Amino acid sequence: MKKIVIIEDDTDVQQVYQEILAPHKYHVFPATTGQLGLQLISSEHPDLVILDIIMSESMNGLEILKEIRRTETMKHTPVLIVTNLHSERAAAIKSGATDFLAKADTSLDVFIGKVKKLLNG
Amino acid sequence: MKIDELTWKNGSALALLTLFYIVVGKFALTFASINASASPVWPTTGLAIAALLILGQRIWPAVLIGAFFVNLTTAGNVLTSIVIAIGNTLEGLVAMWLILRYTEFSNLFDSPIYVTKYVVFAGLIATALSATIGTTTLVLSTLAPWGSFGIIWLTWWLGDMGGALVVAPVILLWWTNHTVYPIYDTRWLAFFLYCALLFVSGFVVFYDIMPYPYVAMPALLWAAFEFGQRETAFGVLYITILAVFATINGHGPFIVTPHNMNHSLLLLQLFVCILSAMKLIVAAAVAQQKKIKKQLLNRERYFRALIEKSSDAIALIDVSATILYASPSTTKILGFTPQEIIGLPGLSLVSPEDVKGTLSTLQSIQKHTGATAVREVRVKRKDGTIIWVEFTVQNLLNDPAVGAVVVNYRDITDRKEAEANKDDFFTITTHQLRTPLSTIRWQLESMLSDTHTLPKRIQVKLQRIYASDLRMISQVNELLETSRVVRGKVVYEPVKMEGISAIVNHIDEFKSSAQKKAIVLTMETPKLKRVPLFIDPKLLSGVIQNILSNAIKYTASGGTITTAIHKEGKNLRVTITDTGIGIPKNEQHRLFSKFFRASNGSRYSSDGTGLGLFIAKSYITRWGGTLTIESPTLKTGGGTNVHFTIPL
């Protein structure tokens with residue numbers, strides 16, 4: 000079963016992710032802070048990381064992303080940025096994101112499709 | 000300069016002048032040796048000229064009456080006296096007229112040209128007139144022998160000339176400038192030295208110690224430089240008086256052997272005239288130079304103050320961007336003193352990330368003299384902090400007055416901060432608005448994909464909510480984009496791309512939404528297969544999206560939308576025509592304003608912010624194209640034709 004770590008500080012949104020992805024038989028590991036997320040990644044070795052940019056604590060998504068790409072054990076993990084900060088696409092790719100989705104502009108189908116693609120790729 | 004009417008009306012002033020004239024005249028005549036009526040220096044000529052210039056030509060009667068009395072009481076009869084008096088009066092008047100006509104009286108002694116004219120008009124011409132009239136009268140009335148005509152004329156002429164060149168300037172200069180130095184002023188010391196020098200050199204020359212007349216000159220020359228016209232003229236007068244006294248009494252360099260007083264006096268007169276003419280001209284040249292220097296100095300001070308007190312800093316750089324000059328405000332903005340950065344390469348102060356952009360800005364103004372450009376960059380202060388600065392550069396390399404590139408710059412850190420805050424505000428607000436909207440979207444999409452478990456009426460309601468949610472998302476996007484357009488923050492990143500396929504793809508994306516509304520969307524097959532464009536794909540897509548979504552929104556079911564792409568000269572033209580509700584002619588000029596929705600449009604569909612065309616127009620303008628919209632009258636069923644161009 001494929002593992003997905005989702006780093007998102009909003010617990011409601013985490014719930015939504017859980018509900019959306021569970022039917023597809025993915026094991027979802029939620030993390031509400033960057034620190035927790037990094038810990039989860041190093042302990043679970045997920046097949047995909049889904050990451051938001053705005054996080055309420057000091058480390059923002061791009062910094063977390065850079066940290067992932069710096070760490071030997073994590074740097075090859077596919078990272079999908081899903082955020083409502085639509086203007087950050089270029090910055091995200093530059094920081095090492097595998098792909099970027101502007102959340103409000105993305106339909107559920109497209110999101111699922113992207114996740115599948117990244118897990119099978 | 001004329002005294003006002005009041006003084007003129009005061010007859011006693013006139014009488015006083017007449018009296019003065021007579022006294023001076025009689026006194027001068029005591030030196031007359033050739034002929035009782037001709038003296039070596041005739042001061043009343045100078046008096047008359049000065050009086051006429053100062054008081055105006057109305058006072059000529061004083062000259063006439065005065066001269067008449069002087070002559071009558073010396074020699075000759077009433078007739079000769081009258082004629083000679085007329086000659087003297089005419090002399091004064093002619094001098095006055097010529098001077099007022101051909102010079103500026105207020106500037107007379109400060110301009111070498113005017114002073115030379117004075118010498119010619121007053122010193123040579125007017126005096127010749129008086130000498131001619133006077134000598135002729137004397138000879139005709141047998142008061143003088145014919146044979147002496149020449150010598151009498153010459154003496155008369157030179158005597159009057161002396162009066163004009165020695166006496167008149169002193170009066171005129173004191174009249175125009177009667178400031179006296181304050182008691183404690185150090186200039187008194189120089190003045191006393193001058194007087195001492197005059198006295199000594201005069202004594203030395205005219206009391207036979209060193210009988211070389213030019214020994215008197217250095218003191219006068221020094222006066223011209225140190226003091227000015229007034230003191231120089233005074234010196235000339237002094238030397239003249241001394242010379243006349245000395246010569247009459249048999250002393251001085253003009254005394255010849257064998258003794259011949261006539262000859263001596265002639266030499267004296269020549270000396271006086273030449274000396275005074277020369278000194279007037281030299282002093283005038285010096286005065287003019289001083290005046291020009293002062294003007295230049297004031298001008299320089301004025302502009303220097305403007306530059307140095309300006310709160311914007313100014314710097315001059317050369318072709319290689321080396322700093323040639325930095326104004327004092329540099330310290331306030333950059334922390335460096337001007338001296339510390341002169342000679343440094345200007346780019347060394349620019350933050351590394353902005354160096355490339357700065358260089359390209361500098362290059363952009365290279366070609367044309369006078370070309371300017373503006374840029375915002377980060378610079379490093381002396382203390383290492385980075386600040387935002389907005390600079391304007393102007394290429395004045397080929398301007399002979401400047402010969403450099405002028406850089407004007409100011410600290411805009413505060414402004415940048417405010418902008419960043421605004422940016423942050425918009426970004427965060429948009430993000431906050433989008434978060435719940437995106438949650439709603441996915442939840443609804445999830446529910447709606449599960450059609451079997453939901454009763455139809457619930458499905459319908461969910462569809463409506465979903466449609467509203469999508470609309471809100473699109474409105475939030477439009478609002479953010481509008482704010483960016485208005486603040487000039489649209490990021491434009493053009494890339495080389497193939498135009499036809501991109502445009503066709505964007506149009507294709509709308510096929511399904513057109514189908515849902517039973518609108519036929521057709522694309523005229525473009526005759527061109529591949530067209531290279533240099534454009535930002537995001538903006539292109541945005542424009543097409545906007546136009547097509549409008550077309551679909553405002554066209555009823557069963558309508559058609561046709562699109563076409565043509566090459567038109569140096570542009571690519573894209574046309575989208577619909578059979579929709581059109582736009583009323585009287586509202587078409589407002590189409591591109593923010594929030595404008597045509598009246599028929601708002602009635603037809605409540606959905607719309609009125610921002611789409613505003614954004615589309617600004618994008619199209621950004622890439623250098625044009626946007627035109629034609630709407631035939633509503634009567635013919637309407638329809639709208641939208642064209643936009645892309646430069647190739």
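Quick note, the sequences are listed as chains A and B, same order. Just so it is clear: in the first sequence, position 61 is 60 by numbering that gives the first Met the number 0, and no numbers are missing. Just so it is clear: in the second sequence, position 635 is 634 by numbering that gives the first Met the number 0, and no numbers are missing. Glycine included, every Cβ here is placed at the ideal spot set by N, Cα and C. Just so we're clear, the structure is a prediction, and the values are computed from it rather than from any experiment.
Mind checking if residue i is an interface residue toward chain A, Cβ cutoff 8 Å exclusive?
i, result
"residue 580 (chain B)", "no"
"residue 472 (chain B)", "yes"
"residue 463 (chain B)", "no"
"residue 596 (chain B)", "no"
"residue 621 (chain B)", "no"
"residue 635 (chain B)", "Caution applies to residue 635 (chain B), whose pLDDT of 44 falls short of 50 and renders its modelled position unreliable; the model cannot decide the point."
By the criterion of Cβ-Cβ separation under 8 Å, what are the contact partners of residue i in chain A?
i, result
"residue 436 (chain B)", "103"
"residue 444 (chain B)", "106, 107, 108"
"residue 440 (chain B)", "103, 106, 107"
Taking the CB atoms as reference points, tell me whether residue i and residue j lie closer together than 8 Å.
i, j, result
"residue 102 (chain A)", "residue 83 (chain A)", "yes"
"residue 556 (chain B)", "residue 518 (chain B)", "yes"
"residue 13 (chain B)", "residue 58 (chain B)", "yes"
"residue 121 (chain B)", "residue 61 (chain B)", "no"
"residue 352 (chain B)", "residue 411 (chain B)", "no"
"residue 106 (chain A)", "residue 444 (chain B)", "yes"
"residue 95 (chain A)", "residue 58 (chain A)", "no"
"residue 323 (chain B)", "residue 378 (chain B)", "no"
"residue 275 (chain B)", "residue 235 (chain B)", "yes"
"residue 468 (chain B)", "residue 433 (chain B)", "no"
"residue 287 (chain B)", "residue 11 (chain B)", "no"
"residue 228 (chain B)", "residue 283 (chain B)", "yes"
"residue 608 (chain B)", "residue 431 (chain B)", "no"
"residue 552 (chain B)", "residue 481 (chain B)", "no"
"residue 30 (chain A)", "residue 6 (chain A)", "yes"
"residue 97 (chain B)", "residue 132 (chain B)", "no"
"residue 645 (chain B)", "residue 570 (chain B)", "yes"
Round the Cβ separation of residue i and residue j to the nearest angstrom and send it over; I've been treating them as touching at under 8 Å.
i, j, result
"residue 139 (chain B)", "residue 151 (chain B)", "Going by Cβ atoms, the distance from residue 139 (chain B) to residue 151 (chain B) rounds to 12 Å, so no, they are not a contact pair."
"residue 46 (chain A)", "residue 81 (chain A)", "Residue 46 (chain A) to residue 81 (chain A), Cβ: 16 Å. No contact."
"residue 502 (chain B)", "residue 573 (chain B)", "6 Å"
"residue 66 (chain A)", "residue 37 (chain A)", "6 Å"
"residue 337 (chain B)", "residue 325 (chain B)", "4 Å"
"residue 168 (chain B)", "residue 108 (chain B)", "7 Å"
"residue 620 (chain B)", "residue 643 (chain B)", "Between residue 643 (chain B) and residue 620 (chain B) the Cβ distance is about 10 Å, and since that is not below 8 Å, they are no contact."
"residue 545 (chain B)", "residue 615 (chain B)", "4 Å"
"residue 492 (chain B)", "residue 535 (chain B)", "5 Å"
"residue 265 (chain B)", "residue 154 (chain B)", "7 Å"
"residue 26 (chain A)", "residue 2 (chain A)", "5 Å"
"residue 310 (chain B)", "residue 328 (chain B)", "6 Å"
"residue 387 (chain B)", "residue 415 (chain B)", "4 Å"
"residue 215 (chain B)", "residue 238 (chain B)", "5 Å"
Taking Cβ positions only, does residue i come closer than 8 Å to chain B?
i, result
"residue 96 (chain A)", "no"
"residue 46 (chain A)", "no"
"residue 78 (chain A)", "no"
"residue 84 (chain A)", "yes"
"residue 27 (chain A)", "no"
"residue 15 (chain A)", "yes"
"residue 11 (chain A)", "yes"
"residue 19 (chain A)", "yes"
"residue 119 (chain A)", "no"
"residue 93 (chain A)", "no"
**Study point:** Members of the region 414 to 433 of chain B near chain A, C-beta cut-off 9 Å
**Key:** The region 414 to 433 of chain B vs chain A, Cβ under 9 Å: 426, 427, 429, 430, 431, 432, 433.
Review point. Which residues, in order along the region 51 to 63 of chain A, keep a beta-carbon less than 8 Å from a beta-carbon of chain B?
Key: The residues in question are 53.
Practice item. Note down, in chain order, all residues in the region 468 to 500 of chain B with a beta-carbon under 7 Å from any beta-carbon belonging to chain A. Key: Only 472 from the region 468 to 500 of chain B bring a Cβ to less than 7 Å from some Cβ of chain A.
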